[in-house]
Amino acid sequence: MKKTDPISEARRYVENAKVTLKEKGELNVETKRYEDDKYVRAAGNYLWLGVLLALDAVFHVRSDRRKRVNINEYFEAVGKRDRKLLDYVNDGYNVIHIYMNYDGGHSKAISDEGFRLANAIIDRCEGMMA
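As structure tokens, this is what we get:
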């Protein structure tokens with residue numbers, strides 16, 4: 241079933257990321273680190289896809305879903321309209337996409353920051369659509 245509201249869909253991706261880490265993330269409470277990077281990567285992927293959905297809803301950078309878009313095109317489009325959102329997107333790219341998704345970082349604190357950034361970006365995009 242295809243969702244028509246991109247912000248709701250983006251929030252669904254964030255929820256999927258939360259469920260993935262909660263149910264399968266194997267958090268070591270003592271060290272506050274996830275044991276298996278596979279689930280951190282999966283959660284980071286869900287978060288980043290949710291962010292991109294929200295950004296695409298506002299900035300229309302990706303007109304054709306079959307074509308890849310360079311991250312610099314997002315940075316440029318966002319920077320022309322909202323500098324604070326650009327800061328969030330820059331930080332989100334590093335924390336969510338690079339640290340969580342590619343590196344599979346184990347730190348719960350940094351993963352929590354990824355969730356905070358994803359929600360901040362989605363919230364800001366939602367406000368821009370109104």
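In our numbering, the protein residues as written are 241 to 370.
For every residue, glycine included, the Cβ atom is placed at its ideal position computed from N, Cα and C.
Computed from a prediction, not measured in an experiment: that's the story for all the values here.
Sequence-distant residues of the same chain with beta carbon closer than 6 Å to residue i, five excluded per side
i	result
G319	L326
Assumed close pair residue i, residue j - CB separation to whole angstroms, cut-off 8 Å
i	j	result
V291	G332	6 Å
H346	G284	Actually they are not in contact, since the Cβ atoms of H346 and G284 sit about 12 Å apart, beyond 8 Å.
Through-space distance from residue j to residue i, alpha-carbon basis
i	j	result
K348	L267	8 Å
N330	E275	27 Å
A360	N256	17 Å
T260	V280	8 Å
Y342	N334	10 Å
Residue i classed as buried or exposed, judged by whether at least 16 other C-beta atoms fall within 10 angstroms
i	result
S303	exposed
N310	exposed
N312	exposed
Cβ neighbours of residue i in the same chain (closer than 8 Å, five flanking residues each side left out)
i	result
M369	I247, A297, V298
Bridge partners - residue i, DSSP secondary structure assignment
i	result
S248	According to DSSP, S248 bridges with nothing at all.
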